[in-house]
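All you need for the numbering used here is the position in the sequence shown, starting with 1, plus 127.
Worksheet: one structure, shown below.
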Amino acid sequence: MDGLINAGSYQRELLAILRAHSEQALKTLRALDEAIPEKTRAIHIGIHPNQEQDGTFSIMIHLDGPDLYVLNKAIDAHRSLFEVRYEEDGCAEPEVPLFSPFHLPFEVNDVIVDTCFLWLEELWKCFGGTKSNLPVEVFGEDGYGSEPFRQLSTRDEG
C-alpha cells in the first residue's frame with residue numbers, strides 16, 4: 128500500500144472501510160449491552176495496531192471492575208468490534224491498506240488510532256450508549272495516536 132503516500136489519503140480510505148463495517152459493529156455493541164455484567168464499572172475500547180506498523184489492527188472491548196477475568200469472559204463473544212486477520216492466501220480480511228514496515232511514509236499506527244477514534248465516536252453516537260450509562264474510554268495501545276484517550280459520551284450527555 129506504499130502507493131498511498133500521505134497520511135490524509137490513508138485516513139480517508141481507512142475511515143471508509145471502517146464505516147462499511149459500522150452495521151456489524153452496532154450489532155456487536157447491542158449484544159454487548161445485553162451481556163455486560165452488573166459489576167462492570169467502565170468500558171474501555173482499545174485500538175491495538177500491529178507493532179510492525181503494517182496496517183493491521185484490532186479494536187477490542189475491555190470491561191473494568193472487580194475480577195476482570197470474569198467480567199471480560201462474560202462478553203467474550205462480543206469483544207471484537209473490528210479485526211484485521213490474514214487469511215490462508217496471505218491477504219488481509221477485511222481488506223485494508225497494508226504497508227511494508229521498512230518503508231513507512233508516515234506513522235501508520237498513529238493514523239490508525241486517530242482514524243479509529245473518529246469512527247468510534249460516530250459509531251457510539253449511533254449506538255446511543257449502554258443501558259447502564261457506563262463511562263466509556265477509547266485508547267490507543269502503546270501510546271499510539273495524537274492523544275492518549277478519548278471519552279465517549281453517555282446517554283445523558285447526548
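Glycine is no exception: its CB is placed at the ideal position from the N, C-alpha and C atoms.
Here the structure is a predicted model, which means the values were calculated and not measured.
Practice task
For D129, name the three-state secondary structure that DSSP assigns.
Solution key: Here D129 scores only 46 on pLDDT, less than 50, and its place in the model should not be relied on; the value that follows carries that caveat. In the structure shown, D129 sits in coil (DSSP, three-state: anything other than H, G, I, E or B).
Handout entry: Between the CA atoms of F226 and C218 - distance to the nearest angstrom
Key = 13 Å
Practice task
Would you identify the three-state DSSP class for Q278, choosing helix, strand or coil?
Solution key: strand
Handout entry: For G267, the residue or residues it bridges with in DSSP
Key = I174
Problem - Proximity of T251 and L142 at Cβ, strictly below 8 Å - result: Here residue 251 turns out to be Trp, not Thr, going by the sequence shown. No. Outside cutoff.
Handout entry: Under the three-state DSSP convention, the category D216 falls into
Key = coil
Handout entry: Assigned secondary structure, I186 (DSSP; H/G/I helix, E/B strand, else coil)
Key = strand
Exercise for the section: Pull up the distance between the alpha-carbon of A158 and that of H205, whole angstroms please. Expected result: If you draw a straight line from the Cα of A158 to the Cα of H205, it is about 7 Å long.
Practice task
Closer than 6 Å by C-beta to E274: which residues in its own chain qualify, once you throw out the five before and the five after it? Chain order, please.
Solution key: none
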